[in-house]
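J.: Last residue of the sequence shown? That's 414 in the working numbering, and every number before it is there in order. Note that beta-carbon positions come from the ideal geometry of N, C-alpha and C, so glycine has one too. The structure displayed is predicted, hence computed values, not measured ones.
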Amino acid sequence: MFHLNYNHLYYFWMTQKKGSVTQAAEALYLTPQTITGQIRQLEDRLGGRLFKRKGRNIEATELGQLVFRYADKMFSLSYEMLEVVTFQKENESSFNVGIADVLSKRIASKVLLTALPEDGSVHLRCLESTHEMLLIQLREHKLDVILSDCPLDSAEHPGLLSKKLGECGVSFFCQAPLPTKPFPECLMERKLLIPAKRTAMGRQLTRWFDEQGLVPQIFGEFDDAALMKAFGLFNQGIFVAPTLYQEEFLDGLSVSLVGQTDALKEEYYAIFAERMIQHPAVKRLCESDFSALFAGAV
């Protein structure tokens, strides 16, 4: 069986990256003779020359260029592995979470509290931003997990996974008095405040309006549910929110429920890198049962 000495391959790779045997020897704290001897042994094993002279310098042969391309992938990946392992060890006691700005902070907090161990051994750090910006942070290893309203296509994002945590229906609210027509025709009586069309719920609403034959007047689009509610209270408009927020919206305010539907679903997902599956908080998050939470029981 053909066995390859990876030390020999590493010395060759370093020589090609540094541009000379001398510079590779300095970087590896070895003598040039040691580097040269190791490369010759690799050449004997591969059955061909890896370098050729060009004036006072050396350059890779055709075989050398082929071997370097593979070696570069191998050792670059190994360095990345070391960085990831080091990062995980240094951050085992922290839980860095990105929360999509369209999500309810109340729901997000309940989800995260379930994932945190009760002994306080994990320190929580939260960042709120758009789904797209949080994905960038996740790819750069700055976040352990993202809570978002839309799933991820792993084929388009290799190395990233998503898990659905739960879903709930959607309700429409307004300040008294209520519209006179039945739901959902009554949505035509006042201006609507809806989630931004870039969000999963915003896109669902657009399709649902078409299916219902409704052409409502849109007052504005909002990323934040609390801001949407505030505008709804001041301008007498109808605003939309997940049914889970009903208790929060109706609590001590002159706000009434206009109607609700399960044809629209607000979904909640955890998105994380495959390498983070063993992080204790990510693991607890993925293994937790949130059915009672999204049924409104807690």
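Could you check what DSSP says for Asn-121 in three-state terms: helix, strand or coil?
T.: Locating residue 121 in the sequence shown gives position 5, counting from the first residue. Correct three-state label for Asn-121: coil.
J.: Mind checking Glu-142: buried by the 16 CB within 10 Å criterion, or exposed?
T.: As a first step, residue 142 is located in the sequence shown; it is residue number 26 there, counting from the start. Exposed, since its Cβ has fewer than 16 Cβ neighbours within 10 Å.
J.: Would DSSP call Arg-241 helix, strand or coil?
T.: Counting from 1 along the sequence shown, the entry for residue 241 is found at position 125. Strand, per DSSP.
J.: For Lys-258, which beta-bridge partners are listed by DSSP?
T.: The residue given as residue 258 occupies position 142 in the sequence shown. Per DSSP, none; premise fails for Lys-258.
J.: Just how far apart, CA to CA, sit Met-117 and Met-190?
T.: In the sequence shown, residue 117 corresponds to position 1, counting from 1. In the sequence shown, residue 190 corresponds to position 74, counting from 1. Annotation note: pLDDT 44 at Met-117 (below 50); position unreliable, coordinate value reported separately. For Met-117 and Met-190, the distance between alpha carbons rounds to 21 angstroms.
J.: Note down, in chain order, each residue of its chain lying with its Cβ closer than 6 angstroms to the Cβ of Phe-288, except the 5 sequence neighbours on either side.
T.: To locate residue 288, count along the sequence shown from 1; it is residue 172. Correct list, in chain order: Ile-354, Val-356, Val-374, Gly-375.
J.: Fully enclosed by the region 130-180, which beta strand (DSSP E) runs are 3 residues long or longer?
T.: 167-170, 173-176, all fully within the region 130-180.
J.: Let me check understanding here. Comparing Cα to Cα, which of Gly-164, Ala-386, Met-197 lies closest to Gly-282?
T.: Indexing the sequence shown from 1 puts residue 282 at position 166. When each option's Cα is compared against that of Gly-282, the closest is Ala-386.
J.: DSSP beta-bridge partners for Tyr-385?
T.: The sequence position of residue 385 within the sequence shown is 269, counting from 1. Answer by DSSP bridge pairing, in chain order: Ser-264, Lys-280.
J.: Should Tyr-361 be labelled buried (16 or more other beta-carbon atoms within 10 Å of its own) or exposed?
T.: As a first step, residue 361 is located in the sequence shown; it is residue number 245 there, counting from the start. Buried, since its Cβ has 16 or more Cβ neighbours within 10 Å.
J.: Along the chain, where does the beta strand (DSSP E) containing Pro-358 start, and where does it finish?
T.: In the sequence shown, the residue the question calls residue 358 occupies position 242. First-last of the beta strand (DSSP E) with Pro-358: 354-358.
J.: Flag this pair as touching only if the region 208-227 and the region 253-267 have three or more C-beta atom pairs under 8 angstroms; answer yes or no.
T.: Contact between the region 208-227 and the region 253-267 is present, because at least three Cβ pairs lie under 8 angstroms.
J.: Could you tell me which residues DSSP pairs with Gly-375 in its beta bridges?
T.: Against the sequence shown, residue 375 aligns to sequence position 259. Gly-375 pairs with Phe-288.
J.: Nearest CA to the CA of Leu-343: which residue from Leu-309, Trp-129, Ser-194, Leu-321?
T.: Along the sequence shown, one-based indexing puts residue 343 at 227. Minimum Cα distance to Leu-343 is reached at Leu-309.
J.: Alpha carbons only, please: which of Phe-184, Asp-188, Gln-154 is nearest the one belonging to Asn-123?
T.: Taking the first residue of the sequence shown as 1, we reach residue 123 at position 7. For the residues Phe-184, Asp-188, Gln-154, the minimum Cα distance to Asn-123 belongs to Gln-154.
J.: What are the boundary residues of the alpha helix (DSSP H) that includes Glu-327?
T.: Numbered from its first residue, the sequence shown carries residue 327 at position 211. Start and end: 316-328.
J.: Look up Ser-220 in the DSSP assignment and say whether it is helix, strand or coil.
T.: For the purposes of this step, residue 220 is taken as the residue at position 104 of the sequence shown. Coil at Ser-220, not helix or strand.
J.: Identify the continuous alpha helix (DSSP H) that holds Leu-308 and give its terminal residues.
T.: Counting from one through the sequence shown, the residue named residue 308 turns up at place 192. Leu-308 -> not in any alpha helix (DSSP H); beta strand (DSSP E) instead, spanning 308-311.
J.: Helix, strand or coil: which one does DSSP assign to Glu-234?
T.: Taking the first residue of the sequence shown as position 1, residue 234 is located at position 118. Coil, per DSSP.
J.: Does the separation of the CB atoms of Ala-397 and Val-227 fall below 8 angstroms?
T.: What you label residue 397 is simply residue 281 of the sequence shown in a count that begins at 1. What you label residue 227 is simply residue 111 of the sequence shown in a count that begins at 1. For Ala-397 and Val-227, no; Cβs fall outside 8 angstroms.
J.: Going straight from the alpha carbon of Thr-138 to that of Thr-131, what length do you get?
T.: Working through the sequence shown from its first residue, we reach residue 138 at position 22. Working through the sequence shown from its first residue, we reach residue 131 at position 15. Cα to Cα, the separation comes out at about 8 angstroms.
J.: Can you give the beta carbon distance from Ser-404 to Thr-147, rounded, assuming they're within the 8 angstroms contact cut?
T.: Taking the sequence shown and counting its residues from 1, the one referred to as residue 404 is at position 288. Taking the sequence shown and counting its residues from 1, the one referred to as residue 147 is at position 31. About 57 angstroms; that fails the 8 angstroms criterion.
J.: In angstroms, rounded to a whole number, what distance separates the CA positions of Thr-150 and Gln-157?
T.: As a first step, residue 150 must be located in the sequence shown, where it is residue number 34. As a first step, residue 157 must be located in the sequence shown, where it is residue number 41. When rounded, the distance between both Cα atoms is 11 angstroms.
J.: Since Glu-337 sits in a beta bridge, which residues does DSSP pair it with?
T.: Residue mapping note: residue 337 aligns to position 221 of the sequence shown, counting from 1. DSSP lists Ile-310 as partners of Glu-337.
J.: Helix, strand or coil for Gly-348? Go by DSSP, reduced to three states.
T.: By one-based count along the sequence shown, residue 348 stands at place 232. Gly-348: helix per DSSP, three-state reduction.
J.: For the alpha helix (DSSP H) that Leu-401 lies in, which residues bound it at each end?
T.: The residue given as residue 401 occupies position 285 in the sequence shown. Run containing Leu-401: 396-403, per the alpha helix (DSSP H) assignment.
J.: Hey, Leu-366 and Pro-332 are a contact pair by Cβ (cut 8 angstroms); roughly how many whole angstroms apart?
T.: Your numbering for residue 366 matches position 250 in the sequence shown. Your numbering for residue 332 matches position 216 in the sequence shown. The Cβ separation is near 22 angstroms, so there is no contact.
J.: Just to confirm the assignment, what range does the alpha helix (DSSP H) spanning Ser-370 have?
T.: Position 254 of the sequence shown, counting from 1, holds the residue named residue 370. Looking at the DSSP string, Ser-370 is not in any alpha helix (DSSP H), and its letter there is neither H nor E.
J.: Tell me, please, which residues DSSP counts as bridged to Gly-214.
T.: Within the sequence shown, the letter at position 98 stands for residue 214. DSSP output for Gly-214 lists Leu-243, Ile-262 as bridge partner(s).
J.: Quick check on DSSP: helix, strand or coil for Leu-294?
T.: Numbered from its first residue, the sequence shown carries residue 294 at position 178. Reduced to three states, the DSSP call for Leu-294 is coil.
J.: Taking only the alpha-carbon atoms, compute the straight-line gap between Phe-410 and Met-317 and give it to the nearest angstrom.
T.: Along the sequence shown, read from residue 1 onward, the residue named residue 410 stands at position 294. Along the sequence shown, read from residue 1 onward, the residue named residue 317 stands at position 201. Using only the alpha carbons, I get a separation of about 16 angstroms.
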